[in-house]
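According to the working numbering, the stretch in the sequence shown is residues 2 to 189, in order. C-beta atoms are modelled at their ideal positions from N, C-alpha and C, and glycine is treated no differently. Below: the structure, in structure tokens.
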Amino acid sequence: MGLADFFRKRTPDPLNPKVLVCSLGPGFEALVIEDEGAYRRYFPGTKITNFETSDELFSEMANGYEIVHLYTHVTPDGCIGTSTISGTELIKNASDAGTKLLWIANDNNPDGYIKNFNPTGNKLNLVMTIHRLGNYFPDFLRDLLGEMKSGASMPVAWNRIAPQIPGKDQPGIPETIFFCGLGQARFI
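Structure, rendered in structure tokens:
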């Protein structure tokens with residue numbers, strides 16, 4: 002950190018983030034019901050909605066949600082829903098809109114994520130769900146948000162709940178890919 006950085010105006014981390022829990026396309030109603038309670042517990046103003054098109058989703062994301070919890074099918078080519086929009090484009094749109102956490106919250110094959118969900122260069126945390134593990138997912142989400150609301154950064158909270166120990170099974174922990182593009186920044 003240089004002297005100029007010391008005097009630069011900093012924007013505080015939002016401690017009461019705007020939260021969008023949404024789906025792109027039909028068929029996710031049961032998952033929305035499972036997860037919305039975890040968000041509403043800490044953020045009563047959480048918005049719940051369904052979008053038919055990626056344009057509708059991007060338009061709503063532009064309203065400045067720090068957390069976007071999204072249910073969408075990911076194709077083997079890494080496109081979202083039934084569109085030709087890639088996961089990489091989704092990530093860029095989210096980052097440009099100021100999203101701090103983008104969570105793809107339904108089961109998807111990791112091949113689509115690997116093929117076309119490139120978060121490089123975007124300042125956000127990205128969680129890509131591979132397997133929710135049924136009722137374990139809402140509990141994991143609630144515990145993670147609770148740790149973060151208590152002051153932990155997302156990587157610290159994640160490590161407390163699901164320590165990354167080589168060779169150790171994590172029963173009851175959903176299978177995910179977590180990209181930490183914000184480092185230790187607090188946004189809850």
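Residue i Cβ short of 8 Å to the ligand MG heavy atom set
| i | result |
| --- | --- |
| A39 | Among the ligands in the structure shown, none appear at all, so the ligand MG cannot be discussed. |
Proximity of residue i and residue j at Cβ, strictly below 9 Å
| i | j | result |
| --- | --- | --- |
| G26 | T83 | yes |
| Y43 | I162 | no |
| L91 | S55 | yes |
| F180 | P120 | yes |
| S24 | Y72 | yes |
| L102 | N126 | yes |
| W159 | L145 | yes |
Local conformation of residue i per DSSP, three classes
| i | result |
| --- | --- |
| F59 | helix |
| I34 | helix |
| I166 | coil |
| L125 | coil |
| E90 | helix |
| F179 | strand |
| Y72 | strand |
Short CB-CB distance (under 9 Å) between residue i and chain D
| i | result |
| --- | --- |
| D170 | You won't find chain D in this structure, because it holds only one protein chain. |
Beta-carbon proximity list for residue i, same chain, < 6 Å, skipping 5 on both sides
| i | result |
| --- | --- |
| L21 | K48, Y66, V69 |
| D6 | Note that D6 has pLDDT 49, beneath the 50 cutoff, so the model's placement of it is unreliable and the number below is only indicative. The answer is none, since no qualifying residue turns up. |
| E176 | I131, H132 |
Distance between residue j and residue i (C-alpha atoms, nearest Å)
| i | j | result |
| --- | --- | --- |
| E37 | T89 | 25 Å |
| R143 | A63 | 26 Å |
| P111 | I81 | 13 Å |
| N94 | I131 | 22 Å |
| D97 | G182 | 14 Å |
Close-in-space but distant-in-sequence residues of the same chain around residue i (CB under 8 Å, 5 per side omitted)
| i | result |
| --- | --- |
| I174 | L134, Y137, F141, I162, A163 |
| G46 | K19, V20 |
Cβ-based neighbour list, residue i, same chain, cut-off 7 Å, excluding 5 preceding and 5 following
| i | result |
| --- | --- |
| F118 | G79, G88, T89, I92, M129 |
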